[in-house]
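Chemist: Chains as they are written, first to last, in this note's numbering: chain A, 63 to 164; chain B, 63 to 164; chain C, 63 to 164. The C-beta atom is built at its ideal place from N, Cα and C for all residues, glycine as well. Keep in mind that this is a model prediction, so the values were computed, not measured.
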Amino acid sequence: MMIMHDVVLVTIITEAVLEHSLIEDIGRLGGRGYTITNARGKGHRGVRDAGWSTDSNIRVEVLCDAKIADAIAEHLTKTYYADYAMTLYLSEVKVLRPKKFA
Amino acid sequence: MMIMHDVVLVTIITEAVLEHSLIEDIGRLGGRGYTITNARGKGHRGVRDAGWSTDSNIRVEVLCDAKIADAIAEHLTKTYYADYAMTLYLSEVKVLRPKKFA
Amino acid sequence: MMIMHDVVLVTIITEAVLEHSLIEDIGRLGGRGYTITNARGKGHRGVRDAGWSTDSNIRVEVLCDAKIADAIAEHLTKTYYADYAMTLYLSEVKVLRPKKFA
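(1) Does any residue of chain B have a CB that is nearer than 9 Å to the CB of threonine 99 (chain C)?
(2) So glutamate 81 (chain B) and isoleucine 98 (chain B) are in contact, right, with Cβ under 8 Å, and what is the actual spacing, rounded?
(3) Listed in chain order, which residues of the region 115-130 of chain A have Cβ atoms closer than 7 Å to some Cβ of chain C?
(4) Valine 155 (chain A) and tyrosine 151 (chain C) look like a contact to me (Cβ under 8 Å); what is the Cβ gap, rounded to whole Å?
(5) Would you kindly work out how many angstroms separate the C-alpha atoms of leucine 71 (chain A) and alanine 147 (chain A), rounded to a whole number?
(6) Take the Cβ of isoleucine 65 (chain B) as the centre, count every other Cβ of all protein chains shown within 10 Å, and call the residue buried at 16 or more, exposed below.
(7) So valine 155 (chain B) contacts chain A; which residues on that side make the cut at Cβ distance below 7 Å?
(8) Determine, using beta carbons only, whether glycine 95 (chain A) and leucine 138 (chain A) come nearer to each other than 9 Å.
(9) Tell me, please, whether the CB atom of aspartate 145 (chain C) is closer than 9 Å to any CB atom in chain A?
(10) Taking C-alpha atoms, which residue in B:Arg90, B:Ser153, B:Thr73 and B:Gly103 lies nearest to isoleucine 85 (chain C)?
(11) Along chain A, which residues have their Cβ under 8 Å away from the Cβ of glycine 95 (chain B)?
(12) With a threshold of 9 Å between beta carbons, is threonine 141 (chain C) in contact with chain A?
(13) Going by beta-carbon coordinates alone, are isoleucine 120 (chain B) and glycine 93 (chain B) separated by less than 9 Å?
(14) Sorted by chain position, which residues of the same chain lie with C-beta nearer than 7 Å to isoleucine 177 (chain A)'s C-beta, five sequence neighbours on each side aside?
(15) Pick out whichever of B:Ile74, B:Asp68, B:Glu136 and B:His67 has its Cα sitting closest to the Cα of threonine 149 (chain B).
(16) Spatial neighbours of serine 153 (chain A) within its chain, please: CB distance less than 8 Å, with the 5 preceding and 5 following residues excluded, ordered by chain position.
(17) Compare the Cα-Cα distances from aspartate 68 (chain B) to each of B:Asp132, B:Ala144 and B:Ala128 and report the closest residue.
(18) Please classify alanine 144 (chain B) as buried or exposed, where buried requires at least 16 neighbouring CB atoms within 10 angstroms.
(19) DSSP three-state call for serine 153 (chain C): helix, strand or coil?
(20) Using CA atoms only, rank isn't needed, just tell me which of A:Val79, A:Gly105, A:Glu123 and A:Asp87 is closest to glycine 89 (chain B).
(21) My output table needs one value for serine 115 (chain B): the three-state DSSP class, helix, strand or coil.
(22) Taking all protein chains shown into account, do 16 or more other C-beta atoms lie within 10 angstroms of the C-beta of valine 79 (chain B), making it buried, or fewer, making it exposed?
(23) So the candidates are A:Ser83, A:Lys140, A:Asp87 and A:Val157; which of them puts its Cα closest to the Cα of aspartate 132 (chain C)?
(24) Quick one: complete beta strand (DSSP E) runs, 3+ long, within the region 63-140 of chain C?
(25) Rounded to whole angstroms, what's the CA-CA distance from serine 83 (chain A) to serine 118 (chain B)? Just pull it up for me.
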């Protein structure tokens, strides 16, 4: 019998140029880890075609508690939404080892 | 204090050859953006090994309202499920800026 | 009108060296398919920088029923958590064709 705990998954899709800034932000705001995959796509800033580069966008995931998720969402929105293509969404997921993420 | 809104995340995992068709379909059905990552995997069509190509499968994500999500799911199912390896699932997520996705 | 069914999405983020073992485990425990993307990130084992390799981490997704999801989560936790960097989370999603995943 496993004990599952609710945590929040924060997913950020944005320009690859922001990778290092985001990693710093996430750590400072309490995130204990992150996962990054390269992506391409179209958002409100127009098509980002990967024909010449598959690294143009990144998809960043952070598992954390609700309070840290809110802090990350609020900070990134205020800091980057005006000047960069960025989409951010939160989902509720279950993990086995919550201490890793809080 | 942030205002979060419910939207639907549509995730489609399918053959890379369908990328351009899917992008057209998503746009025509009301999707305002999408994110694509390259993937590999095994589904009901058998193993798709990435040893010779990491581009064999794609994972497409669309954030939209429930009505558009249903339209996308229904259209893709009718159009591609019979002839292509395709998996599609919907999840409820929260976003800060719903106007971007509706 | 589409009929949607609840299934569980198991997401595993771990070291690329475990890919073949995980695929065997997932199949033996009842998973009918999986999707893998290459990733990089930082977890409780420290930074895994992709500067020299974008294949250092993998992100594995499995759609299945709750019973199989529990079996996969329990087995992977017992088998790998002590010796490998691994994060596992479960989310509830909806699919159109549940028979593919059970």
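Modeler: Let me spell this out:
(1) yes
(2) 7 Å
(3) Leu125
(4) 4 Å
(5) 20 Å
(6) exposed
(7) Tyr151, Leu152 and Ser153
(8) no
(9) no
(10) B:Gly103
(11) Gly103, Lys104, Gly105, His106 and Thr149
(12) no
(13) no
(14) Limits of chain A in this structure are 63 at one end and 164 at the other, which puts residue 177 (chain A) out of reach.
(15) B:Ile74
(16) Val70, Leu71 and Thr73
(17) B:Ala128
(18) exposed
(19) strand
(20) A:Gly105
(21) Legend: pLDDT at serine 115 (chain B) = 42, less than 50; position of this residue unreliable, no value from coordinates given.
(22) exposed
(23) A:Val157
(24) 67-77, 96-105, 108-110 and 119-126
(25) 32 Å
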